[in-house]
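Whatever position you read off the sequence shown (first residue = 1), add 565 for our numbering. Backbone N, C-alpha and C fix where the C-beta goes; we use that ideal spot for every residue, glycine too.
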Amino acid sequence: MPDRACAWYALLGTLLLRRLSPKSCYSFYAGTFEICTSPDPTEAGVWYALCFDAHQPLIPDQEFHCWIAHPDPAQRIYSEVIDFSARHLETRAREFGIPWNRDPVPDFIWTDVAGLEQLKVRQLRPIVDLTDRITRTLLQEPAFRRAWQSLATTLNSL
């Protein structure tokens, strides 16, 4: 799997959901994501967090997360959020030296806003220009196009 697994999973998932349910409003998003990883043992109520801060990145164009969402236009919130790369969160936190001492996160997340709160997701903020740029870049990559073609061919044969 490529270095930007979350982008691959989310964009392929979005394309798949749109193919399976053409009237759906599932969309691909890229932006800032933050999840609590471990309570701070020295301060009650304070948590360590893994944050991919695309708004103020430490590493430009490298610090972001991608997900799929089904917006609820009436309330201007997500009615569903899908993250197929959640299984990598603990590994990423440990790579960055961030403690991980919490209830396990499922391999993938498919939930509503209340479910995100239960998972202790503190931020999920898309950035339009980043989303557009990542989408364009992936759709031009031969490896990504082959992956989508293979998935689409499999769907057509079902």
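{"Check": "Where H620 sits in the DSSP three-state scheme", "Outcome": "coil"}
{"Check": "Stretch-stretch touch, CB-based, cutoff 8 Å, three pairs: the region 593–610 with the region 680–690", "Outcome": "yes"}
{"Check": "First through last residue of the alpha helix (DSSP H) which encompasses Y574", "Outcome": "A570 to L585"}
{"Check": "Residues of its chain near T700, where Cβ-Cβ distance is below 7 Å and the 5 sequence neighbours each way are ignored", "Outcome": "L576 and F593"}
{"Check": "Of the residues A595, D605, I692 and R569, the one placed nearest I663, counting alpha carbons only", "Outcome": "D605"}
{"Check": "Beta-carbon proximity check, C631 vs C571, cutoff 8 Å", "Outcome": "yes"}
{"Check": "Test item: CB-CB of L695 and A595 under 8 Å", "Outcome": "yes"}
{"Check": "Opposing strand residues paired with P604 [DSSP bridges]", "Outcome": "W612"}
{"Check": "Pair within 8 Å by beta-carbon distance, H653 and S644", "Outcome": "no"}
{"Check": "Same chain only: Cβ atoms within 6 Å of P567, ignoring 5 sequence neighbours per side", "Outcome": "Residue placement at P567 cannot be trusted, given a pLDDT of 47 that sits under 50; what the coordinates show is reported in the next sentence. Same-chain partners within the cutoff: W573."}
{"Check": "Beta strand (DSSP E) runs wholly inside the region 657–688, at least 3 long, in chain order", "Outcome": "674–676"}
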